[in-house]
Ligand code: SF4
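Protein chains in written order, with my numbering: chain E, 1 to 166; chain H, 1001 to 1281.
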């Protein structure tokens, strides 16, 4: 009962973090379009939070290069479990039109594990919403809540701890 | 026995009411923006989800501060339901507010730091006003106890209309609504990410959220005292006040703390003192 409730709450309340890894902005505009009254993803409880520490779903648009791969990695680590990652657009999937550039690493999955791939150049808002719904399916499988407030014994943030207490 | 029942009512009903109100808030906001909006019980989904997330903290201080903030909010609501002293209630909720700020100050993140300082300014802005409202209530009823407000034969609103306006300023600041939502706001993507709440995550953010619901109920309860003689009157007063809050939230831009301090103190203090003086005419 308790597990079912938690799983339901998780699926009903995916807070989204959108990271522009090096996109041409095409995919970003489509992603932000999901927030407008036309698509209104808040209907499904989704909120664009802009803060990895509050997010459940990481939306990544654009190619990964040698500079921003560290940022991407850090954002991923700062998100508390359970979390899912969605790569958006041809660039996020494989590097797209930029894949042959000297500074490009490739798709998002070269740096962090990706759960859902949303193709398109740019990906349409409908496809992005579809991708989030697919990701929620993954989240449902991932959700194995332990009794009494899941999440194990907790951890301190890996990077903050080293620099903290200043 | 009566105390136990009232305490229980405060403990259980307050978060339910606060959560539902947050849901209605989001629905009405969506409606004002011609969106459909999330279901009314969305805040409960959010809270359950947050509590079931991984416990990720920056330092142990943060955890303590989130708990103290919650405890203070819960305690002040319980005091309110037991018709205790307004002054005691005031000090208990002030302790909670300060702990929220301390938690945000204990982390190195600049967003959290700036958010904490703005929160402190907000606390400084509304606390004197709240105090003046309580003084007004004292002048009318002759006591700081909530029970004597309830025994008062006429609605306080008739004698303290301007102080009610002052209380709504405090309400807007406490609810973190525009134009006073600069320490943190309900919508992320402001210049400080989420200000004081930036570094709270998972279950600890859940604690802060729950405390926020308790505080909302507390302040709305204070508003309800102004028409305590009739239940429909109370409902009308609260409904109208909250709708006005939402309208203001959706039509105003976020202002700066300098503006808030200047505006709220001048207008608020003038209103409050006018009302206090006229009680003696
Ligand atoms: S997939 Fe296309 S639209 Fe999207 S970021 Fe790449 S080039 Fe731009």
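Ideal Cβ positions, reconstructed from N, Cα and C, are used throughout, including at glycine.
Computed from a predicted structure; not experimentally measured.
(request) Give the DSSP-derived three-state secondary structure of residue 18/E in the structure shown. (result) Note: residue 18/E maps to strand in three-state DSSP.
(message) So, with DSSP's three-state summary, where would you put residue 1145/H?
(response) The answer is strand: DSSP assigns residue 1145/H an E or B state.
(request) Might you give, ordered along the chain, the residues of its own chain that have their beta carbon closer than 8 Å to the beta carbon of residue 1095/H, omitting 5 neighbours on each side? (result) Contacts found: 1068, 1072.
(request) Quick one: give me the first and last residue of the beta strand (DSSP E) that residue 76/E is part of. (result) Run containing residue 76/E: none in the beta strand (DSSP E); it sits in the alpha helix (DSSP H), 68-78.
(request) Please find out if some non-hydrogen atom of ligand 3 comes closer than 7 Å to the beta-carbon of residue 34/E. (result) Only ligand 1 can be found as ligands here, which leaves ligand 3 out of the picture.
(request) Tell me whether residue 96/E counts as near ligand 1, meaning its Cβ is closer than 7 Å to at least one heavy atom of that ligand. (result) Flag set: Cβ of residue 96/E near ligand 1.
(message) Whether or not the stretch 82-92 of chain E and the stretch 131-142 of chain E are in contact is what I'm after, with contact meaning three or more pairs of Cβ atoms, one per stretch, closer than 8 Å; do they touch?
(response) At 8 Å Cβ cutoff, the stretches touch.
(message) If contacts are defined as beta-carbon pairs under 8 Å, then residue 89/E and residue 122/E qualify, I think. What distance do you get, rounded to the angstrom?
(response) Contact check for residue 89/E and residue 122/E: beta-carbon distance about 6 Å, within the 8 Å limit, so the pair qualifies.
(request) Determine the contact status of residue 58/E and residue 29/E, defining contact as a CB-CB distance below 8 Å. (result) Contact flag unset, no.
(message) For ligand 1, I want to know if residue 26/E counts as a neighbour, meaning its beta carbon is within less than 7 Å of at least one of the ligand's heavy atoms.
(response) Result yes, Cβ under 7 Å from ligand 1.
(request) Please look up how many angstroms separate the CB atoms of residue 1168/H and residue 1152/H, rounded, as I've assumed it's under 8 Å. (result) Not quite, the Cβ-Cβ distance comes to about 20 Å (not below 8 Å), so this is no contact.
(request) Count the other CB atoms, across all protein chains shown, that sit within 10 Å of the CB of residue 1033/H; report buried if there are 16 or more and exposed otherwise. (result) Residue 1033/H is exposed by the Cβ-count criterion.
(message) Does the distance between the C-beta of residue 31/E and the nearest non-hydrogen atom of ligand 1 fall short of 7 Å?
(response) For ligand 1, not one heavy atom lies less than 7 Å from the Cβ of residue 31/E.
(request) Please confirm whether residue 171/E and residue 61/E have their CB atoms less than 8 Å apart. (result) Residue numbering for chain E in the displayed model covers 1 to 166; residue 171/E lies beyond these limits and cannot be assessed.
(request) With distances taken Cα to Cα, identify the nearest neighbour of residue 4/E among 1052/H, 1027/H, 1281/H. (result) Among 1052/H, 1027/H, 1281/H, the Cα nearest to that of residue 4/E belongs to 1052/H.
(request) Inspect the beta-carbon positions of residue 1164/H and residue 1081/H and report whether they are closer than 8 Å. (result) In this structure, residue 1081/H does not lie closer than 8 Å to residue 1164/H by Cβ.
(request) Please name the residues in the stretch 28-58 of chain E whose beta-carbon is closer than 8 Å to at least one beta-carbon of chain H, in chain order. (result) Within the stretch 28-58 of chain E, the residues whose Cβ lies closer than 8 Å to some Cβ of chain H are 37, 40, 42, 43, 44, 45, 47, 48, 49, 50, 51, 53, 54, 56, listed in chain order.
(request) Let me know if residue 1062/H comes out buried or exposed under the rule of 16 or more other beta-carbons within 10 Å of its beta-carbon. (result) Result: buried.
(message) Measuring only from the beta carbon, is residue 61/E closer than 7 Å to any heavy atom that is part of ligand 1?
(response) Indeed, a heavy atom of ligand 1 lies less than 7 Å from the Cβ.
(message) I need the DSSP call for residue 1275/H, collapsed to helix, strand or coil.
(response) Helix, per DSSP.
(message) Within 8 Å of any Cβ in chain E, is that where the Cβ of residue 1040/H sits?
(response) In terms of beta-carbon proximity, residue 1040/H stays away from the interface with chain E, with every pair separated by 8 Å or more.
(request) Measure the C-alpha to C-alpha separation of residue 953/H and residue 1194/H and round it to an integer number of angstroms. (result) The shown model of chain H, from 1001 to 1281, leaves out residue 953/H, and the question about it has no answer.
(request) Jot down the residue ranges of each uninterrupted alpha helix (DSSP H) in the stretch 1060-1126 of chain H, minimum 4 residues, whole runs only, in chain order. (result) DSSP runs (the alpha helix (DSSP H)) wholly in the stretch 1060-1126 of chain H: 1060-1081, 1086-1105.
(message) Count Cβ pairs between the stretch 1251-1270 of chain H and the stretch 1175-1183 of chain H that sit closer than 8 Å; are there 3 or more?
(response) Yes, the stretch 1251-1270 of chain H is in contact with the stretch 1175-1183 of chain H.
(request) Please report the Cβ distance between residue 21/E and residue 72/E, rounded to the nearest whole angstrom; I am assuming they are in contact, meaning their Cβ atoms lie under 8 Å. (result) For residue 21/E against residue 72/E, the beta-carbon gap comes to about 6 Å, under 8 Å, which counts as contact.
(request) Using a Cβ cut-off of 7 Å, pull out every chain H residue sitting near residue 5/E, in sequence order please. (result) Contact annotation for residue 5/E against chain H: 1048 [CB-CB distance below 7 Å, chain order].
(request) Using only the heavy atoms of ligand 1, determine whether one of them is closer than 7 Å to the beta carbon of residue 89/E. (result) Correct: residue 89/E has its Cβ closer than 7 Å to ligand 1.
(message) Using 8 Å as the cut-off, can you tell me whether the stretch 1093-1112 of chain H makes contact with the stretch 1207-1223 of chain H, which would need three or more C-beta pairs spanning the two stretches below that distance?
(response) Under the three-pair Cβ rule at 8 Å, the stretch 1093-1112 of chain H counts as touching the stretch 1207-1223 of chain H.
(message) I'd like to know whether the C-beta atoms of residue 1196/H and residue 1066/H end up nearer to each other than 8 Å.
(response) Against a cut-off of 8 Å, the Cβ pair of residue 1066/H and residue 1196/H comes out as no contact.
(request) Could you tell me the distance, in whole angstroms, from the CA atom of residue 1150/H to the CA atom of residue 1229/H? (result) Approximately 7 Å between the Cα atoms of the pair.
(request) With DSSP as the reference, label residue 62/E as helix, strand or coil. (result) Residue 62/E falls in the strand class under three-state DSSP.
(message) Tell me the residue span of the alpha helix (DSSP H) that contains residue 1041/H.
(response) Run containing residue 1041/H: none; DSSP gives neither H nor E here.
(message) Closest to residue 17/E by C-alpha separation, out of 8/E, 31/E, 24/E, would be which residue?
(response) Nearest neighbour of residue 17/E by Cα position, chosen from 8/E, 31/E, 24/E, turns out to be 31/E.
(message) Please return the same chain residues whose Cβ sits closer than 8 Å to the Cβ of residue 1106/H, not counting the five positions on each side in sequence.
(response) Leaving aside the five residues that flank residue 1106/H on each side, the residues in its chain whose CB is nearer than 8 Å to its CB run, in chain order, 1058, 1059, 1061, 1062, 1065.
(request) Can you give me the Cβ contacts of residue 1054/H inside the same chain, cut-off strictly under 6 Å, excluding the 5 residues immediately before and after it? (result) Hits under 6 Å: 1202.
(message) I want to check one thing, is the minimum distance from the CB of residue 23/E to the heavy atoms of ligand 1 below 7 Å?
(response) Distance from the C-beta of residue 23/E to the nearest heavy atom of ligand 1 is below 7 Å.
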